[in-house]
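Just below is one structure, and these are the notes that go with it.
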Amino acid sequence: MNKMMTDERLKQLYYQGTRRTFVAVAENSQCVIYYSEHTPLIGEARDYITNDRNAFGSHFLGQTVRVAKRAQEDIDDYFTALSARSESPVGVLTEDKTKISYKLREILQKAVNMSVSDVHIEIYERQTLVKFRVDGKRKTIQVIPENREGMRIASVIFMSKSEQKESDFKPSKVNNGALQEDLNVKGTQRTTNWRCAWVPSTHGGKITIRWIDKDKKPPDLKTLNWEEAHIELVKEFIHGRPGILMMAGQVGSGKTTSIGSMIEMIDKSYSVHTIEDPPEFQFDEVIQTHTKPHEKVGGDSDEYLDQTYYAKALLRHDPDYEFHGETRTKAAAMQVLRKGETGQKVFTTVHTSGAMGIPVTFIEQFGISPALVSSPGLLRLLIYQALVRKLCPHCAMTLEQFIADSRIPESQKNHANYTIRKLTGDNRISEQQAARVRFRDPDGCPHCDEGERGRLPLVEMIVVDDDDREFFKHCDFLGWKKHLLEKGFKTITDHGIVRIARGEVDLFTTENKIGRLFTIQSQSVYRRIFSDE
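Sequential numbering from 249 applies to the sequence shown in my numbering.
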């Protein structure tokens, strides 16, 4: 690769905007400018190099500069190569890396202080936003009025701080990694672990940093506010015959924490092994293997140190219980099913929109044979979980107070009144329960954040039997839904109604998470279209 030309003036031109779209290169004593997208800055760079006597010792003074188009990846390679000259690919000088690292540490320490689950650093054309997710709700913590600092933070994360990254940082390429930072957690200095990811955008990109060892030990299910009946069903799985427990939920829904609580319930006279990317909790007397899905087994191998590789390796280690992190691929799904068939009790997580979506995902998305998914005794317990913010008991409002409050829009008042009346009219809740329903105070109080503090789980469970497996076998999922409801299956909406009736969660917060409590018929929707005509 030819040497990239850089000085303070060229840096100013290179780093205007969010993407590095051109580079000046010294090639056989001549200057060449390579570009991926046309920009007027190319002309400014050319004029500076050929007309300014202070530029590069006048070496290129009066020369004709050749301009040639190249792929964006080629342009990125030049900036990546700067790391060998004590600079990062987005212009972070060695002496500045300490400042950026300190800035990152400040952000993470503040995140720890606020008990944040995720840090989002969003880089736009003219600004960088730092946002925290607290109790499932995003908040803007800092506005930086330019994008360059955000790009520098991304560079330092993936070029200096991150371990097990997919590759060196290139602004136009997706990247994933992990970083550690010594921080003060509740008065104790300890090493914290964070999973970090980068995705490019038109004018910059986004860094997502997740705190993966917020708690060294998972709380028990009772502390997590699971219902007693749900806990008993988990105990039956743990103490029952071999098979698979699959847990679904959105990102950040607490799936891994709940399964961690289940693993803590297992008698450790049994052999327990987890394969995770990475392990999020520290268990006593549990072997935990950190998968590295982007690292090859060996130089000439086509295999990677991923979930599938370690799952096959465990066949020789006689485990009684296994936890296979998130199942994302057909190969990983096949290993989960294989273990369930060979006598282990297996826990895994999957991304679906409900417990009923789990077998659909395995059959339709992963391409697993319906005959295998419906094997007798294989799938035993299907769980879906969502987390909903908890009402503040100090400022929550009754329905009467909510309707009388001038801060509340009329549309919300009408919806609240209609929903509570319908719940009582349909005998979903009693009049006594309706009197206990509470609503969020939008301004909150000193005890909360806009009327809510903490989160509560909403859970639905399917105890799989042979009747269910017949529906899997024939891929009759609409029929299966009808069958489950006829048997009395309690949906996540049912659990939401229970918590609303206890005065634990707000109606609107709940519906924002799991959808309307009552399905709106399509005929009603269509009638409202062009209703003013």
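Built from N, CA and C at the ideal position, the CB exists for glycine as well.
Taking the C-alpha atoms as reference points, what is the distance between E370 and T439?
25 Å
Just the C-alpha distance for T741 and V636, rounded to the nearest angstrom, thanks.
12 Å
Give the straight-line distance between the Cα atoms of L627 and T376, rounded to the nearest whole angstrom.
46 Å
Let me know the beta strand (DSSP E) ranges lying completely inside the stretch 524 to 585, each 3 residues or longer, listed in chain order.
535 to 538, 540 to 544 and 569 to 574
Given a cut-off of 7 Å on the beta-carbon distance, is the pair I745 and R676 in contact?
yes
Run through DSSP, which three-state label would M604 get?
coil
Buried or exposed: D416, going by 16 or more other Cβ atoms within 10 Å of its Cβ?
buried
Identify every run of the alpha helix (DSSP H) within the stretch 718 to 771, keeping only runs that are complete inside it and at least 4 residues long; order them along the chain.
725 to 735, 740 to 749 and 755 to 762
Apply the 10 Å Cβ neighbour rule to S334 and answer buried if 16 or more other Cβ atoms are within range, or exposed otherwise.
Confidence in S334 is poor, its pLDDT being 40 and thus under 50, which makes the residue's placement unreliable; the coordinate value appears in the next sentence. It counts as exposed.
For D366, tell me which candidate among S501, V280 and V273 has the shortest Cα-Cα distance.
S501
Would you tell me roughly how many angstroms separate the C-alpha atoms of K413 and D714, rounded to the nearest one?
44 Å
Uninterrupted alpha helix (DSSP H) stretches inside the stretch 267 to 300 (no shorter than 4 residues):
289 to 299
With respect to the alpha helix (DSSP H) encompassing A634, which residues constitute its N-terminal and C-terminal limits?
Per DSSP, A634 belongs to no alpha helix (DSSP H); it is in the beta strand (DSSP E), L627 to L639.
Between I507 and T646, what straight-line distance do the alpha-carbon atoms span, to the nearest angstrom?
36 Å
Could you have a look at Q437 and say whether DSSP puts it in helix, strand or coil?
strand
In whole angstroms, what is the alpha-carbon distance linking H478 and P393?
49 Å
Enumerate in chain order the residues of its own chain whose CB-to-CB distance from S336 is below 6 Å, with the five nearest sequence positions on each side excluded.
With a pLDDT of only 43 at S336, under the threshold of 50, the placement of this residue in the model should not be trusted, and no figure is reported.
I'd like the span of the beta strand (DSSP E) that includes V707, first residue to last.
E700 to V711
Opening and closing residue of the beta strand (DSSP E) in which V598 lies:
K593 to V598
So, under 8 Å CB-CB, T757 and E708 are touching, yes? Tell me the CB distance rounded to an integer number of Å.
The pair is not a contact, with the Cβ atoms about 18 Å apart (cut-off 8 Å).
Excluding the five sequence neighbours on either side, which residues of its own chain have a C-beta within less than 6 Å of the C-beta of V520, listed in chain order?
I514, V534 and Y569
Given a threshold of 16 other Cβ atoms within 10 Å of its Cβ, counted over all protein chains shown, does L562 qualify as buried or as exposed?
buried
Do Q320 and S284 have their C-beta atoms within less than 7 Å of each other?
yes
Curious, which full-length beta strand (DSSP E) runs of at least 3 residues does the stretch 400 to 487 contain?
423 to 433, 436 to 449 and 452 to 459
For a test of the three-state rule: what should DSSP assign to Q234, helix, strand or coil?
Given a span of 249 to 781 for the chain in the structure shown, any question on residue 234 remains unanswerable.
Would you report the Cα separation of S509 and P466, rounded to the nearest angstrom?
5 Å
First and last residue of the uninterrupted alpha helix (DSSP H) at L671:
E658 to G673
Check whether the stretch 677 to 687 and the stretch 586 to 602 touch, using three or more Cβ-Cβ pairs below 8 Å as the test.
no
C-alpha distance - S622 paired with D716, whole-angstrom precision:
8 Å
Quick check on the burial criterion: 16 or more other C-beta atoms within 10 angstroms. Buried or exposed for F485?
buried
With DSSP as the reference, please indicate the residues paired to F687 in a beta bridge.
M645
Cβ pair R688, K638 closer than 7 Å:
no
Between L309 and Y263, what straight-line distance do the alpha-carbon atoms span, to the nearest angstrom?
24 Å
Checking 7 Å against the spacing of the C-beta atoms, do H695 and H642 come in under that value?
yes
T537 burial status per 10 Å Cβ neighbour count (16 or more: buried):
buried
How would you call I768, buried or exposed, if buried means at least 16 neighbouring beta carbons within 10 angstroms?
exposed
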